[in-house]
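> This structure is in structure tokens; I'll ask about it shortly.
Protein chains in written order, with the working numbering: chain A, 3 to 294; chain B, 7 to 137.
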């Protein structure tokens, strides 16, 4: 009986591996490169389309989420593969600094080191994820371009039902902004690159997954360039004199996940028993299926 | 009237406390007590902020507020050092010096515990940051 089950299981594995569309194979390991991605789509007026082609679906998933590579990792664009298991470095990603090269203020480096060992992040307590952290959550994000309103919206699925408004009408940032999770974003096009300028962040979130700290002085400049149908170059400039001694850059390449779309995701805020989700305040078990 | 003043004070403190939770570790509003002995305690509220270069702050907001003259953080050891000019029980000016240790840094409700002195008078203190 046992041998029969093993035989059936082996047959199933071989059958799946032989399927031409087996998604996990992706053409690798069989001597064939993956099929080239389709070109980046455009709207009828020529502007880049950051969403799906009409009639299709898709959302953007994170690439290598590290802002800076570990000092021991080999230098190279896209960072080290170990930082994001299962996802190879992308040579098109912006060059990253080593952790020791980041222009930390002393307290910021201390907090970063502490958080590497104590990942009790607000995001895991259902708090919104501002800054780049918005793009490094599971389930993806979607850009919704509404030129008739002169606005874009960035919908974050994995956060607690949050979205960011990008004002594309040429306005400036208001003075005396009330600090908020997403701050105030204005955007414009530089050729095929969408440039976003954001200020007015509060200090209630981590701006990346590793725990690089920031202050209310944070000024974020983000540049998005859709390289092809499946890839979005994401360049980030971090300007925060409250936490860093000078401006620094990082980035990633976002991955297009075809066939996906926004879905309802409810993350319970005001959770007074986070240890039930996360273990304790000393560590976070990210393997849990309920961790966002 | 007194209750209105207290409410106003709480609102003021609360509005400050609503910011600065994941930024600089000292920024925020801290509550606790200090005293020369375990039984002789005094309530204390400390509001600290970070301007990008220096920690500033006040002790016990209100008519008897005391400004922090020095507030530093050593992030290699998570130790803090405070100095302030206040008044003793007799209204005489005194220079307070306090040193403490920052603990539970990843929590909103992190703590600072340590010792203080002014001249030959010594004691301890404990502060807990508000959520």
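For each residue, glycine too, the CB sits at the ideal point set by N, CA and C.
1) Going by DSSP in three states, residue 137 of chain A sits in which element: helix, strand or coil?
2) To the nearest angstrom, how far is it from the Cα of residue 36 of chain B to the Cα of residue 197 of chain A?
3) Can you tell me whether DSSP reads residue 72 of chain B as helix, strand or coil?
4) Counting beta carbon pairs with one atom in the segment 86 to 95 of chain B and one in the segment 58 to 78 of chain B, are three or more of them shorter than 8 Å?
5) Taking the continuous alpha helix (DSSP H) assigned at residue 130 of chain B, which residues delimit it?
6) Whole angstroms are fine: how far does the CA of residue 119 of chain B sit from the CA of residue 105 of chain B?
7) In angstroms, rounded to a whole number, what distance separates the CA positions of residue 229 of chain A and residue 75 of chain A?
8) When you compare the segment 233 to 243 of chain A with the segment 252 to 266 of chain A, are there three or more beta-carbon pairs, one atom per stretch, that lie closer than 8 Å?
9) Would you say residue 79 of chain B reaches chain A, if we count a Cβ-Cβ gap shorter than 7 Å as a contact?
10) Assuming residue 216 of chain A contacts residue 29 of chain B (C-beta within less than 8 Å), just tell me the rounded distance between them.
11) Can you determine whether any heavy atom of the ligand GTP sits closer than 6 Å to the C-beta of residue 84 of chain B, and answer yes or no?
12) Check whether chain B comes within 7 Å of residue 155 of chain A, counting only Cβ atoms and requiring the distance to be less than that.
13) Does residue 97 of chain B come out as helix, strand or coil in the three-state DSSP assignment?
14) What residue from B/65, B/111, B/100 and B/27 has the CA that sits closest to residue 128 of chain B's CA?
15) In angstroms with no decimal places, state the Cα-to-Cα distance between residue 51 of chain B and residue 40 of chain B.
16) Count the other CB atoms within 10 Å of the CB of residue 268 of chain A; is the residue buried (16 or more) or exposed (fewer)?
17) To the nearest angstrom, report how far apart residue 96 of chain A and residue 249 of chain A are at their CA atoms.
18) Distance, Cα to Cα, residue 145 of chain A vs residue 133 of chain B?
19) Would residue 27 of chain B count as contacting chain A if we go by Cβ distances under 7 Å?
20) Taking the alpha carbon of residue 98 of chain A as the point to measure from, which residue in A/266, A/240 and A/261 has its own alpha carbon closest?
21) Taking C-beta to C-beta, are residue 219 of chain A and residue 244 of chain A nearer than 7 Å?
22) Using the Cβ count rule (16 or more neighbours within 10 Å means buried), how would you classify residue 113 of chain A?
23) Name, going along the chain, the residues of the segment 29 to 53 of chain B whose beta-carbon falls closer than 8 Å to a beta-carbon of chain A.
24) Could you spell out where the beta strand (DSSP E) holding residue 143 of chain A opens and where it closes?
25) Shorter than 7 Å from the beta carbon of residue 62 of chain B to some beta carbon of chain A?
26) Which word fits residue 260 of chain A, buried or exposed, when buried means at least 16 other C-beta atoms lie within 10 angstroms of its C-beta?
27) Return helix, strand or coil for residue 109 of chain A, following the three-state DSSP convention.
28) With 7 Å set as the bound, which would you pick, yes or no: does the beta-carbon of residue 111 of chain B sit closer than that to a beta-carbon of chain A?
29) Please state if the CB of residue 137 of chain A and the CB of residue 64 of chain A are separated by a distance shorter than 7 Å.
30) For residue 85 of chain A and residue 92 of chain A, what's the separation of their Cα atoms in angstroms?
31) Label residue 46 of chain B either buried or exposed according to how many other C-beta atoms from any shown protein chain fall within 10 Å of its C-beta, with 16 as the threshold for buried.
32) Are any of the Cβ atoms in chain A nearer than 7 Å to that of residue 58 of chain B?
33) Within the continuous beta strand (DSSP E) that includes residue 42 of chain A, where are the two ends?
34) Figure out for me which residue from A/132, A/40 and A/51 has the closest Cα to the Cα of residue 191 of chain A.
Taking the definition as stated:
1) As a first step, residue 137 of chain A is located in the first chain; it is residue number 135 there, counting from the start. Residue 137 of chain A falls in the helix class under three-state DSSP.
2) Within the second chain, numbered from 1, the residue matching residue 36 of chain B stands at position 30. Within the first chain, numbered from 1, the residue matching residue 197 of chain A stands at position 195. Rounded to whole angstroms, residue 36 of chain B to residue 197 of chain A spans 40 Å at the Cα level.
3) The sequence position of residue 72 of chain B within the second chain is 66, counting from 1. In this structure, residue 72 of chain B counts as strand in the three-state DSSP scheme.
4) yes
5) One-based indexing of the second chain puts residue 130 of chain B at position 124. Counting along the chain, residue 130 of chain B falls outside any alpha helix (DSSP H), though it belongs to the beta strand (DSSP E) covering 127 to 135.
6) Here the question's residue 105 of chain B lines up with position 99 in the second chain. Here the question's residue 119 of chain B lines up with position 113 in the second chain. Their Cα atoms are separated by approximately 8 Å.
7) In the first chain, the residue the question calls residue 229 of chain A occupies position 227. In the first chain, the residue the question calls residue 75 of chain A occupies position 73. Between residue 229 of chain A and residue 75 of chain A, the C-alpha separation is close to 26 Å.
8) yes
9) Reading the second chain from its first residue, position 73 is the one you call residue 79 of chain B. Answer yes: the Cβ-Cβ gap between residue 79 of chain B and chain A drops below 7 Å somewhere.
10) Against the first chain, residue 216 of chain A aligns to sequence position 214. Against the second chain, residue 29 of chain B aligns to sequence position 23. That pair is a contact at about 7 Å.
11) Ligands in the displayed structure: none, and consequently the ligand GTP is not present.
12) In the first chain, counting from the first residue as 1, residue 155 of chain A sits at position 153. Cβ-Cβ to chain B under 7 Å: no for residue 155 of chain A.
13) Locating residue 97 of chain B in the second chain gives position 91, where the first residue counts as 1. DSSP places residue 97 of chain B in coil when its eight states are reduced to three.
14) Reading the second chain from its first residue, position 122 is the one you call residue 128 of chain B. Ranking the options by Cα distance to residue 128 of chain B, first place goes to B/100.
15) One-based indexing of the second chain puts residue 51 of chain B at position 45. One-based indexing of the second chain puts residue 40 of chain B at position 34. Computed Cα separation, rounded: 10 Å.
16) If you number the first chain from 1, residue 268 of chain A lands on position 266. The residue is exposed, with fewer than 16 neighbouring Cβ atoms inside 10 Å.
17) Within the first chain, numbered from 1, the residue matching residue 96 of chain A stands at position 94. Within the first chain, numbered from 1, the residue matching residue 249 of chain A stands at position 247. Rounded to whole angstroms, residue 96 of chain A to residue 249 of chain A spans 15 Å at the Cα level.
18) For the purposes of this step, residue 145 of chain A is taken as the residue at position 143 of the first chain. For the purposes of this step, residue 133 of chain B is taken as the residue at position 127 of the second chain. Looking at the two C-alpha atoms, the distance is approximately 45 Å.
19) Indexing the second chain from 1 puts residue 27 of chain B at position 21. Interface residue, yes.
20) Indexing the first chain from 1 puts residue 98 of chain A at position 96. Closest option to residue 98 of chain A, Cα to Cα, is A/240.
21) Numbered from 1 along the first chain, position 217 holds the residue referred to as residue 219 of chain A. Numbered from 1 along the first chain, position 242 holds the residue referred to as residue 244 of chain A. In this structure, residue 244 of chain A lies closer than 7 Å to residue 219 of chain A by Cβ.
22) Locating residue 113 of chain A in the first chain gives position 111, counting from the first residue. Residue 113 of chain A should be labelled buried.
23) 29, 30, 31 and 33
24) As a first step, residue 143 of chain A must be located in the first chain, where it is residue number 141. Note, residue 143 of chain A: beta strand (DSSP E), 143 to 148.
25) As a position in the second chain, residue 62 of chain B is number 56, starting the count at 1. Not an interface residue.
26) The residue you call residue 260 of chain A lines up with position 258 of the first chain. Classification for residue 260 of chain A: exposed.
27) Taking the first chain and counting its residues from 1, one reaches residue 109 of chain A at position 107. Residue 109 of chain A falls in the helix class under three-state DSSP.
28) By one-based count along the second chain, residue 111 of chain B stands at place 105. It does; some Cβ of chain A falls within 7 Å.
29) As a working mapping, residue 64 of chain A is identified with position 62 in the first chain. As a working mapping, residue 137 of chain A is identified with position 135 in the first chain. Yes.
30) Within the first chain, residue 85 of chain A is the residue found at index 83, counting from 1. Within the first chain, residue 92 of chain A is the residue found at index 90, counting from 1. Residue confidence for residue 85 of chain A is low, a pLDDT of 48 falling below 50, so the modelled location carries little weight and cannot support an answer.
31) Taking the first residue of the second chain as position 1, residue 46 of chain B is located at position 40. Under this definition residue 46 of chain B is an exposed residue.
32) As a working note, residue 58 of chain B is residue 52 in the second chain. Answer yes: the Cβ-Cβ gap between residue 58 of chain B and chain A drops below 7 Å somewhere.
33) Counting from one through the first chain, the residue named residue 42 of chain A turns up at place 40. Element bounds for residue 42 of chain A: n/a, residue is neither H nor E.
34) By one-based count along the first chain, residue 191 of chain A stands at place 189. The residue with the shortest Cα to Cα distance from residue 191 of chain A is A/51.
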